[in-house]
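**Student:** Chains as they are written, first to last, in my numbering: chain A, 13 to 236; chain B, 6 to 315. Even for Gly, the Cβ is constructed at its ideal location relative to N, Cα and C. Handing you this structure, nothing more for now.
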């Protein structure tokens with residue numbers, strides 16, 4: 013899933029300090045699961061802003077709503093009649109959701125209340141780790157399910173580099189060396205010979221905005 | 006290794022079967038060419054080629070290729086180090102062509118330390134290609150006269166291609182295979198990480214000999230004399246992939262006050278003596294870090310002078 017973190021409160025407050033009437037919009041999907049921008053977090057932030065502005069003697073009228081997904085036109089539609097009543101929108105969705113919201117209402121300023129951090133996994137409730145950089149050219153089959161692009165700090169395709177340190181990455185004793193893990197796993201699977209060949213330079217597919225049109229897309233259109 | 010690939014002095018020394026002795030120079034944190042010239046004078050005539058580091062430890066310095074040109078002006082052969090951290094494949098190929106056009110004939114292809122270690126810790130690490138792929142790219146430019154993407158270039162950069170090897174980083178068993186991959190990628194010579202654990206290095210080179218790797222490329226053993234006990238302890242504890250045995254630290258401690266640096270040089274010279282006799286070792290890369298002025302003395306005492314004229 014997509015993992016986000018709420019921005020520091022002061023940063024959010026600063027962004028909207030001139031705005032008197034704001035709608036805080038949560039997102040019920042990824043950012044709700046990772047406890048950054050779902051209904052609960054919307055409640056907390058809205059109350060915090062209201063109180064802080066009252067203390068500053070700069071009161072704000074702030075309302076809240078959480079929709080199922082801000083990256084989906086179907087759900088955004090529910091906001092169409094509401095947004096015109098506000099000076100600005102605060103979004104607690106991921107970067108994709110925030111942009112789709114801003115695209116739908118180009119005349120209204122939209123501010124992000126979270127920093128979108130990564131595509132990751134759920135280690136525990138409230139503990140998430142990055143696993144994928146969505147590079148568009150997956151090599152996990154070759155690397156025993158450990159991503160060299162995401163998990164190696166130098167994105168090395170022919171590792172491990174000379175900086176590996178007792179199974180850890182040179183950047184931190186808390187960060188496992190991805191290539192050490194790849195080596196260990198391939199060794200267990202009896203597949204070390206598969207990384208004896210040099211992997212040539214990668215064709216990066218993620219250097220421009222990407223679009224995916226599934227084969228089923230046209231079909232659905234034809235049917236409808 | 007029949008015909009000369011680059012015609013560099015280093016290549017000729019190695020090809021003639023001499024025991025090579027290379028040095029290292031870190032460019033300054035500024036635009037003063039005199040700083041480079043000053044350091045270079047200590048190396049002139051005492052080494053076959055001088056590695057010019059490329060923003061080492063991720064700290065911004067005068068560009069490696071630029072300092073290489075100053076060395077050429079001084080009549081010293083440089084070894085242009087290039088890391089994958091700071092530029093993409095376009096900039097790398099452009100710099101290779103430019104450096105060659107100005108007379109650079111040796112290159113050392115490296116991954117580079119992570120930016121977080123340096124003076125701009127939040128800089129984007131490029132790592133468009135890795136060190137193995139960089140070797141492949143330089144070889145393709147040299148031998149096929151083609152850019153990485155396949156198009157022909159006019160005027161191939163005939164570089165003598167080097168890379169690093171760390172015999173001590175784990176997984177230890179894999180190190181010799183990674184060396185084999187670098188050779189398969191097209192490397193002509195290797196300069197190893199600083200060697201302190203001689204026993205482990207003997208094992209490594211013996212494996213490399215058994216696999217026939219030392220016949221396919223020249224291996225220069227990396228030596229850095231210890232200046233102090235603090236330096237030895239720091240390298241042991243803080244520098245990733247560095248293997249500093251306790252006995253070495255004890256020996257330095259035993260040297261007594263004011264004599265540690267002298268003991269460090271003595272140890273380095275003993276190492277050079279052993280490498281001269283070690284099967285599979287074609288030379289020594291002396292990395293006297295910020296100690297360039299000591300190189301004439303080290304070279305003298307390690308009995309590697311005079312350097313061969315080839």
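Quick one: is residue 245 of chain B buried, meaning 16 or more other Cβ sit within 10 Å of its Cβ, or exposed?
**Tutor:** Looking at its Cβ environment, which holds 16 or more other Cβ atoms inside 10 Å, residue 245 of chain B is buried.
**Student:** Ignore the nearest five residues each way along the sequence and tell me which others in residue 121 of chain A's own chain have a CB closer than 8 angstroms to its CB.
**Tutor:** Cβ within range, chain order: 31, 99, 100, 101.
**Student:** Starting from residue 29 of chain B, trace the beta strand (DSSP E) both ways and give me its first and last residue.
**Tutor:** Looking at the DSSP string, the run of the beta strand (DSSP E) that includes residue 29 of chain B is 25 to 30.
**Student:** Looking at the C-beta of residue 294 of chain B, does it have a partner C-beta in chain A at a distance below 8 angstroms?
**Tutor:** False, the Cβ-Cβ gap to chain A never drops below 8 angstroms.
**Student:** Within 10 Å of its beta-carbon, does residue 192 of chain A have 16 or more other beta-carbons around it, so buried, or fewer, so exposed?
**Tutor:** With 16 or more other Cβ atoms within 10 Å, it is buried.
**Student:** Which two residues bound the contiguous alpha helix (DSSP H) that contains residue 274 of chain B?
**Tutor:** 265 to 282 is the extent of the alpha helix (DSSP H) around residue 274 of chain B.
**Student:** Indicate the three-state DSSP secondary structure (helix, strand or coil) for residue 148 of chain A in the structure shown.
**Tutor:** Coil, per DSSP.
**Student:** Does the beta carbon of residue 176 of chain A sit closer than 8 angstroms to a beta carbon anywhere in chain B?
**Tutor:** Yes, residue 176 of chain A lies at the interface with chain B (some Cβ there is under 8 angstroms from its Cβ).
**Student:** Rounded to whole angstroms, how far is the Cβ of residue 254 of chain B from the Cβ of residue 225 of chain B, which I believe are closer than 8 angstroms?
**Tutor:** Incorrect: roughly 25 angstroms between the Cβ atoms, too far for contact.
**Student:** Between residue 17 of chain B and residue 315 of chain B, how many whole angstroms is the CB-CB distance? I'm expecting something under 8 angstroms.
**Tutor:** About 4 angstroms separates the two Cβ atoms, so the contact holds.
**Student:** May I ask which residues mark the beginning and end of the beta strand (DSSP E) holding residue 76 of chain A?
**Tutor:** Taken as a continuous stretch (DSSP letters only), the beta strand (DSSP E) holding residue 76 of chain A covers 73 to 79.
**Student:** Count the other CB atoms within 10 Å of the CB of residue 286 of chain B; is the residue buried (16 or more) or exposed (fewer)?
**Tutor:** With 16 or more other Cβ atoms within 10 Å, it is buried.
**Student:** Give the DSSP-derived three-state secondary structure of residue 112 of chain A in the structure shown.
**Tutor:** Three-state result, residue 112 of chain A: helix.
**Student:** Does the segment 74 to 94 of chain B come close enough to the segment 118 to 135 of chain A that 3 or more CB-CB pairs lie under 8 angstroms?
**Tutor:** These segments do not touch.
**Student:** Rounded to whole angstroms, what's the CA-CA distance from residue 59 of chain B to residue 53 of chain A? Just pull it up for me.
**Tutor:** Between residue 59 of chain B and residue 53 of chain A, the C-alpha separation is close to 47 angstroms.
**Student:** According to DSSP, which residues form a beta bridge with residue 103 of chain A?
**Tutor:** Bridge partners of residue 103 of chain A: A:37, A:124.
**Student:** By how many angstroms is the C-alpha of residue 76 of chain A removed from the C-alpha of residue 190 of chain A?
**Tutor:** One C-alpha to the other measures close to 42 angstroms.
**Student:** Would you check if the distance between the CB atom of residue 145 of chain A and the CB atom of residue 161 of chain A is smaller than 8 angstroms?
**Tutor:** Contact: yes.
**Student:** Listed from N- to C-terminal order along the chain, which residues in the segment 209 to 224 of chain B have their beta-carbon within a distance smaller than 7 angstroms of any beta-carbon of chain A?
**Tutor:** Here the close residues number zero.
**Student:** Which runs of the alpha helix (DSSP H), 4 residues or longer, sit entirely within the segment 110 to 145 of chain B?
**Tutor:** Here the runs fully enclosed are 136 to 144.
**Student:** In three-state DSSP terms, what is residue 151 of chain B?
**Tutor:** It is a strand residue.
**Student:** Given this structure, state the Cα-to-Cα distance separating residue 65 of chain A from residue 38 of chain A, to the nearest angstrom.
**Tutor:** The straight-line gap from Cα to Cα measures roughly 20 angstroms.
**Student:** Report the residues of the segment 54 to 66 of chain B with a CB closer than 7 angstroms to any CB of chain A, ordered along the chain.
**Tutor:** So the list is empty, because no residue satisfies the distance condition.
**Student:** Is there a C-beta anywhere in chain B that falls below 8 angstroms from the one on residue 200 of chain A?
**Tutor:** No, no contact with chain B.
**Student:** Return helix, strand or coil for residue 59 of chain B, following the three-state DSSP convention.
**Tutor:** Coil, per DSSP.
**Student:** Please list, in chain order, the chain A residues whose beta carbon lies closer than 9 angstroms to that of residue 186 of chain B.
**Tutor:** Here the neighbours are 170, 207, 208, 209, 210.
**Student:** Name the DSSP beta bridge partners of residue 181 of chain A, please?
**Tutor:** Note: residue 181 of chain A sits in a beta bridge opposite A:184.
**Student:** Measuring alpha carbon to alpha carbon, tell me which residue in B:187, B:156, B:146, B:144 is nearest residue 172 of chain A.
**Tutor:** Of B:187, B:156, B:146, B:144, the residue nearest in Cα terms is B:187.
**Student:** Residue 197 of chain B lies in the beta strand (DSSP E); which residues open and close that run?
**Tutor:** Counting along the chain, the beta strand (DSSP E) containing residue 197 of chain B begins and ends at 194 to 199.
**Student:** Pick helix, strand or coil for residue 290 of chain B, following the three-state DSSP scheme.
**Tutor:** If DSSP states are grouped into helix, strand and coil, residue 290 of chain B belongs with the strands.
**Student:** Check whether the Cβ of residue 240 of chain B lies closer than 8 angstroms to any Cβ atom in chain A.
**Tutor:** Output row for residue 240 of chain B: interface = no.
**Student:** Can you give the Cα-Cα distance for residue 6 of chain B and residue 250 of chain B, rounded to whole angstroms?
**Tutor:** At residue 6 of chain B the pLDDT is 45, less than 50, meaning the model places this residue with poor confidence; the figure from the coordinates comes in the next sentence. C-alpha separation (whole angstroms): 36 angstroms.
**Student:** Residue range of the beta strand (DSSP E) that residue 253 of chain B falls in?
**Tutor:** No beta strand (DSSP E) holds residue 253 of chain B; the alpha helix (DSSP H) holding it covers 251 to 259.
**Student:** Please report the distance separating the alpha-carbon of residue 135 of chain A from that of residue 95 of chain B.
**Tutor:** Using only the alpha carbons, I get a separation of about 39 angstroms.
**Student:** My parser needs the beta strand (DSSP E) runs of 3 or more residues fully inside the segment 152 to 231 of chain B; what are they?
**Tutor:** Taking only runs of at least 3 residues, the beta strand (DSSP E) segments lying wholly in the segment 152 to 231 of chain B are 165 to 170, 194 to 199, 223 to 228.
**Student:** Could you give the first and the last residue of the continuous beta strand (DSSP E) run that contains residue 15 of chain A?
**Tutor:** First-last of the beta strand (DSSP E) with residue 15 of chain A: 14 to 18.
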